[in-house]
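Trainee: Going by the UniProt record's numbering, the sequence shown opens with residue 1, and the numbers climb by one from there. C-beta atoms are modelled at their ideal positions from N, C-alpha and C, and glycine is treated no differently. Quick caveat, the model's predicted, so the values are computed rather than measured.
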Amino acid sequence: MLGKRKRDVVVVTRQIRQEDSDIQSLSPSADEKQDILRKIFEARFGPVEALVKPIALSPEKPSHLSLAEGNDDDPLISLQTSKPPPSSKEAQNSTPKTKKTGEAGAAADDQAMEAENLKNDLALQRLLKESHLLESADDLNPTGAKRHRAIDLRMQAVGAKSSIFSQTKMPMSHRKGIIGKASKREETRRREAKENGIILERPSFSAIGKNKKGRVGGGGGAMRKERGIGGPSVGKFTGGTLRLSKKDISDIQGPRKAGTKGEIGGGKGRGRGKHN
């Protein structure tokens, strides 16, 4: 009886296991359920696109800590190797020449800047000297007669002795007229400046308009040359001696008292006349 019961129990257990396996085979898995639901959704609303995009993994950048650790490990590696460590000079020579290239680029930029500044300075100087020849600020390149005048000014600035427009030979009447007009213009300019309280430069000695005898235009006296700095204000100092002319002496003494002898003589004469 005991053996039969055991067999019955064993048979029952087999049937239960078979039923469980059948149930598991009949029940759909999670993937199958998802497929069924997706098909139903696509049949009603349309195909479903993949919403999940693959994530692009960026390459990992080495951190400062890893670099520092690597630098710290360098001496350990160098000690572990059998080769001798490089000297400081060799290490400096082995480094890339980034600093030298940077300095060369900065020097080239400085040279270009200096050349540009020099060009601008020259243009500004020419503009200041030739501004009276330009009618408007837009016309910076003079043409015609104004261009010739501008070139003459540039030649004088470089070191030309005289202007190309100065005429050495001409009739005396023309020369007198030119010199008289220039002197009148200069007198008018100085008078207006004095009235307006403007201080002008001292009249300088000029050889223009003088003939061989030193006379200017209409027979007037020659302009006196300015004395040099540190020289005597009276007379001429030549050969270690100071030479004074009669005019210099009279200027030093001042004007004499005129009429002293005449008054005495006149008194005597009148007295004599009365006496007679």
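Are there three or more Cβ pairs, one per stretch, closer than 8 Å when the segment 140–154 is compared with the segment 175–192?
Mentor: The segment 140–154 makes no contact with the segment 175–192: fewer than 3 CB pairs, one atom from each, lie closer than 8 Å.
Trainee: Could you tell me the distance, in whole angstroms, from the CA atom of Thr101 to the CA atom of Asp110?
Mentor: 14 Å
Trainee: Under 7 Å, do Gly235 and Leu244 count as touching if we go by C-beta distance?
Mentor: Their beta carbons are under 7 Å apart, which means Gly235 touches Leu244 by this criterion.
Trainee: Rounded to whole angstroms, what's the CA-CA distance from Val194 to Ser183? Just pull it up for me.
Mentor: Before going further, note that residue 194 is Lys rather than Val in the sequence given. Whole-angstrom Cα-Cα distance: 16 Å.
Trainee: Quick check: the Cα distance between Lys246 and Arg202, rounded to an integer number of angstroms?
Mentor: 27 Å
Trainee: Counting only the same chain and skipping the five closest in sequence on each side, list residues whose C-beta sits under 7 Å from that of Arg256.
Mentor: none
Trainee: By how many angstroms is the C-alpha of Lys129 removed from the C-alpha of Asp251?
Mentor: Looking at the two C-alpha atoms, the distance is approximately 43 Å.
Trainee: Report, in whole angstroms, the separation of the C-beta atoms of Leu200 and Arg191, which I expect to be a contact under 8 Å.
Mentor: Between Arg191 and Leu200 the Cβ distance is about 11 Å, and since that is not below 8 Å, they are no contact.
Trainee: Taking just the CA atoms, how far does Ser163 sit from Ala123?
Mentor: 22 Å
Trainee: Could you give the distance in angstroms between the alpha-carbon of Ala43 and the alpha-carbon of Asp31?
Mentor: The alpha-carbon atoms of Ala43 and Asp31 are separated by roughly 18 Å.
Trainee: Using the three-state DSSP reduction, which class does Lys33 fall into: helix, strand or coil?
Mentor: helix
Trainee: Alpha carbon to alpha carbon, how far is Glu103 from Met113? Give it in angstroms, no decimals.
Mentor: Using only the alpha carbons, I get a separation of about 15 Å.
Trainee: DSSP on Leu127, reduced to helix/strand/coil?
Mentor: Helix.
Trainee: Got a sec? Which residues, its chain only, sit under 6 Å from Ala157 by beta carbon, not counting five neighbours each side?
Mentor: none
Trainee: Report the rounded CA-to-CA distance for Gly240 versus Leu127, giving the unit in angstroms.
Mentor: Taking the CA atoms as reference points, Gly240 sits about 48 Å from Leu127.
Trainee: Once you ignore the five residues that flank Gln34 on each side, which residues in its own chain have a CB closer than 8 Å to its CB?
Mentor: For Gln34, where only same-chain residues beyond five positions count, there are no Cβ hits under 8 Å.
Trainee: What first and last residue would you give for the beta strand (DSSP E) that runs through Thr143?
Mentor: Thr143 -> no beta strand (DSSP E), and no H or E assigned at all.
Trainee: Determine which residues share a DSSP beta bridge with Thr241 and list them.
Mentor: Thr238
Trainee: Suppose you measure from the CA of Gly105 to the CA of Asn141; what does that come to, to the nearest Å?
Mentor: Gly105 and Asn141 have their C-alpha atoms spaced approximately 35 Å apart.
Trainee: Keeping to the same chain, check which residues put their C-beta closer than 6 Å to that of Met170; ignore five residues upstream and five downstream.
Mentor: none
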